[in-house]
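Quick note on my numbering: the sequence shown kicks off at 34 and runs consecutively.
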Amino acid sequence: ILETPSFAIENATQEVINMGKAALENFDIATAALLEGSRAEAEQVEKLEAKINQDEKLLTSYLVKINNQSLNEEQHLLVKNLFYTVSNFERVSDHCENLSELAVEKADKNIVFSVEAAGEMKEMIKTVRSALEHAINARGGAGMSEVRAVVQSEESVDILSVCPAISVLRKTASYFWRP
């Protein structure tokens with residue numbers, strides 16, 4: 034595969050997209066755990082985080098090998114962007130782990146969100162999730178409209194993030210797209 038850089042890059046891109054989908058799944062599990070105070074879902078997040086960490090190592094190694102091949106300027110740029118995306122998806126999953134830790138603390142201390150706080154949290158979750166979905170679609174080649182949607186979602190997250198309790202979600206959104 035490495036002897037044909039275009040094929041290797043295409044293969045790596047698909048694996049990065051799969052990693053993004055795993056990060057999205059982890060986000061869904063972590064936010065559900067946080068809203069519901071579920072220890073079982075928090076444990077699922079840890080398991081998926083371990084898989085995503087392993088994916089990051091494998092993909093980074095693979096991208097280094099691709100980058101050491103004879104590539105044209107456009108291919109070098111694409112590989113560089115894939116490195117950033119792998120790192121960003123891994124960071125998203127790290128933030129999911131932080132959310133799951135908050136879920137466990139919420140369960141342990143019997144913390145209940147007010148109706149207003151739960152509503153704000155759900156709105157932020159929806160916006161962050163949208164940014165991540167658009168980032169995955171953009172990486173898949175869906176076009177500049179997806180990139181613009183990521184930026185718009187990140188701006189919405191900035192507006193919504195006046196509450197310190199959702200700063201982890203804001204940090205998560207800030208890693209979604211680094212072209």
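The C-beta atom is built at its ideal place from N, Cα and C for all residues, glycine as well.
Checklist entry - Leaving out the 5 sequence neighbours to the left and right, which residues in its chain are closer than 7 Å to L111 when beta-carbon positions are compared? => result To locate residue 111, count along the sequence shown from 1; it is residue 78. Once the five neighbours on either side are set aside, the close Cβ partners of L111 are I42.
Item to check | 4-residue-minimum alpha helix (DSSP H) runs that sit fully inside the stretch 60–135, ordered along the chain | outcome: 72–100
Item to check | Simplified DSSP state of N143, which is helix, strand or coil | outcome: Taking the sequence shown and counting its residues from 1, the one referred to as residue 143 is at position 110. Reduced to three states, the DSSP call for N143 is coil.
Item to check | Classification of P212 by the beta-carbon crowding that lies within 10 angstroms, buried from 16 upward | outcome: Within the sequence shown, the letter at position 179 stands for residue 212. Confidence is the limiting factor: at P212 the pLDDT is only 39, short of 50, which leaves the residue's position unreliable, though a coordinate-based value still follows. Its Cβ having fewer than 16 others within 10 Å, P212 is exposed.
Checklist entry - How many whole angstroms separate the CB atoms of L91 and P38, which I take to be in contact at a CB cut-off of 8 Å? => result For the purposes of this step, residue 91 is taken as the residue at position 58 of the sequence shown. For the purposes of this step, residue 38 is taken as the residue at position 5 of the sequence shown. Contact doesn't hold; Cβ gap of about 18 Å is too wide.
Checklist entry - From which residue to which residue does the alpha helix (DSSP H) around G152 run? => result By 1-based counting over the sequence shown, the position of residue 152 is 119. Its alpha helix (DSSP H) spans residues 148–172.
Checklist entry - By Cβ distance below 6 Å, which residues in the same chain neighbour T46 in space, the five residues on each side in sequence not counted? => result Your numbering for residue 46 matches position 13 in the sequence shown. Within the same chain, T46 has no close Cβ partners at all.
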